[in-house]
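Enquirer: In the numbering used here, the protein residues as written are 21 to 160. Built from N, CA and C at the ideal position, the CB exists for glycine as well. From a predicted model like this one, the values you see are computed outputs, not experimental measurements.
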């Protein structure tokens with residue numbers, strides 16, 4: 021990625037309870053360097069833009085709010101194939117305490133087609149600021 025996610029992570033993490041925020045910050049270092057969060061466009065000759073970062077950030081948020089990786093694989097090739105071809109995992113299946121609105125945004129962020137993702141972090145933030153992540157308020 022081009023480092024677009026980093027400046028916005030502090031804003032998003034600031035609204036999360038302590039344990040979730042700690043995990044997000046400690047995961048940032050591997051966000052763009054790990055196949056766990058590898059955006060599908062990174063495997064083609066398409067030019068990279070912020071939508072690849074949005075995909076990776078969506079994978080990070082998925083793990084953050086569900087406690088599960090969006091995709092797992094037997095090896096790096098298997099994992100990359102899932103990022104490319106497997107259906108986007110449904111956040112509500114992994115954590116039914118998420119709001120429908122946030123789950124929809126998260127699913128959009130992880131869309132295989134970068135044109136279906138929020139087109140910028142500003143677009144993501146406009147949507148994110150208007151919704152709750154969890155159905156009930158979590159204790160800090």
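#1: Hey, would you say residue 71 sits closer than 8 Å to residue 119, going by beta carbons?
#2: Could you pull the DSSP bridge partners for residue 99 from this structure?
#3: With distances taken from CA atoms, which of 102, 115 and 125 is nearest residue 144?
#4: With DSSP as the reference, identify every bridge partner of residue 118, one or two as the case may be.
#5: DSSP on residue 111, reduced to helix/strand/coil?
#6: Using the Cα positions of residue 123 and residue 78, report the straight-line distance between them to the nearest angstrom.
#7: Taking the straight line between their C-alpha atoms, what separation do you get for residue 73 and residue 156?
#8: Measuring only the C-alpha atoms, how far is residue 133 from residue 69?
#9: Please identify the residue among 83, 93 and 113 whose C-alpha is closest to the C-alpha of residue 104.
#10: So, for residue 131: in the same chain, excluding its five sequence neighbours on each side, which residues have a beta-carbon less than 7 Å away from its beta-carbon?
#11: Under DSSP, the alpha helix (DSSP H) around residue 164 begins and ends at which residues?
Expert: Quick look at the numbers:
#1: Locating residue 71 in the chain shown gives position 51, where the first residue counts as 1. Locating residue 119 in the chain shown gives position 99, where the first residue counts as 1. The answer is no: Cβ separation not under 8 Å.
#2: Within the chain shown, residue 99 is the residue found at index 79, counting from 1. Paired residues: none, contrary to the question.
#3: Locating residue 144 in the chain shown gives position 124, where the first residue counts as 1. Comparing Cα-Cα distances from residue 144 to each of 102, 115 and 125, the minimum goes to 125.
#4: The residue given as residue 118 occupies position 98 in the chain shown. Its beta-bridge partners are 154.
#5: Mapped onto the chain shown, residue 111 falls at position 91. Residue state, collapsed to three classes: helix.
#6: The residue you call residue 123 lines up with position 103 of the chain shown. The residue you call residue 78 lines up with position 58 of the chain shown. So the alpha carbons of these two residues sit roughly 10 Å apart.
#7: By 1-based counting over the chain shown, the position of residue 73 is 53. By 1-based counting over the chain shown, the position of residue 156 is 136. Spanning the two alpha carbons is a distance of roughly 29 Å.
#8: As a working mapping, residue 133 is identified with position 113 in the chain shown. As a working mapping, residue 69 is identified with position 49 in the chain shown. Rounded to the nearest angstrom, the two C-alpha atoms are 13 Å apart.
#9: Looking up residue 104 in the chain shown gives position 84. In this structure, 93 is the residue among 83, 93 and 113 with its C-alpha nearest to the C-alpha of residue 104.
#10: The residue given as residue 131 occupies position 111 in the chain shown. Cβ neighbours of residue 131 beyond the five flanking positions: 108 and 137.
#11: Limits of the chain in this structure are 21 at one end and 160 at the other, which puts residue 164 out of reach.
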